[in-house]
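In the working numbering, the protein residues as written are 6 to 241.
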């Protein structure tokens, strides 16, 4: 695992975007594992900007999102499908038929990934409690955990409640790629910014590798890069 600490979140986004853009340039049919959340918004914005400027063709890529809520329509502004369309899919020349988000049929999701040739680059954020995807601490989030339905912790629901009218409207269940699937990606890129992520990053990088801290399992991957801003890396 490698670590880059940037001076701010803008630099974090630029460095991450460059890695993704270069991959697609060199491999037009790349398979990307994507993530949502506030951390990713500037990444997708910059990626669209670079694609237009450098005439990068995204029409042949295939995408698989790492997680999603259960029970939300794709038209719901809080759904991951809505987020991806708003921030990336509708703004780049992406073939929607090649975009995938997990749903209640999560157990067959891995077969789709395998059929596509496996994930070339998996983009990840990190929760305050160290979750990656929706692999919450405990809850079967082991090194060998499979793609599955999972109950969200109250802390995760509270952290995500800004996208909903109230906490009661935040879904209690989600679906996620398991850690074993995430670690099959040929390259992993985890991003974090802000002081509120400092504890999670410190534990992921220096803490005990454990299901109590799912992000710590990324240290077992041979090609994993953390890019965090100065605030998120403040406790390293």
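We put the beta carbon where it would ideally sit given N, CA and C, even for glycine.
Keeping to the same chain, check which residues put their C-beta closer than 8 angstroms to that of residue i; ignore five residues upstream and five downstream.
i	result
residue 81	87
residue 121	36, 67, 69
residue 200	236, 237, 239
residue 109	75, 154, 180
residue 93	39, 49, 52, 53, 99
residue 241	8, 10, 206, 207, 210, 211
residue 123	36, 189, 190, 191
Measure the alpha-carbon distance for residue i versus residue j and round it to whole angstroms.
i	j	result
residue 99	residue 115	21 angstroms
residue 180	residue 62	30 angstroms
residue 14	residue 229	19 angstroms
residue 192	residue 176	30 angstroms
residue 138	residue 234	20 angstroms
residue 112	residue 58	39 angstroms
residue 43	residue 101	22 angstroms
residue 198	residue 129	12 angstroms
residue 104	residue 34	13 angstroms
Can the beta-carbon of residue i be found closer than 8 angstroms to that of residue j?
i	j	result
residue 185	residue 154	no
residue 232	residue 196	yes
residue 126	residue 21	no
With burial defined as no fewer than 16 other Cβ atoms inside 10 Å of the residue's Cβ, what is the status of residue i: buried or exposed?
i	result
residue 178	exposed
residue 159	exposed
residue 60	exposed
residue 221	buried
Name the residue from the options whose alpha carbon lies nearest to the alpha carbon of residue i.
i	options	result
residue 217	39, 205, 225, 228	205
residue 30	208, 55, 240, 6	55
residue 149	219, 210, 172	219
residue 7	215, 213, 209	209
residue 183	143, 169, 170	143
residue 202	107, 134, 141, 225	134
residue 119	21, 227, 190	190
If I measure Cβ to Cβ from residue i and keep anything under 6 angstroms in the same chain, skipping five residues before and after, which residues do I get?
i	result
residue 47	18
residue 162	175
To which residues of the same chain is residue i closer than 7 angstroms at the C-beta, ignoring the five residues directly before and after it?
i	result
residue 77	83, 84, 176
I want to see whether chain E comes within less than 8 angstroms of residue i, judged by CB atoms only; does it?
i	result
residue 234	This model lacks chain E altogether, as it is built from one protein chain only.
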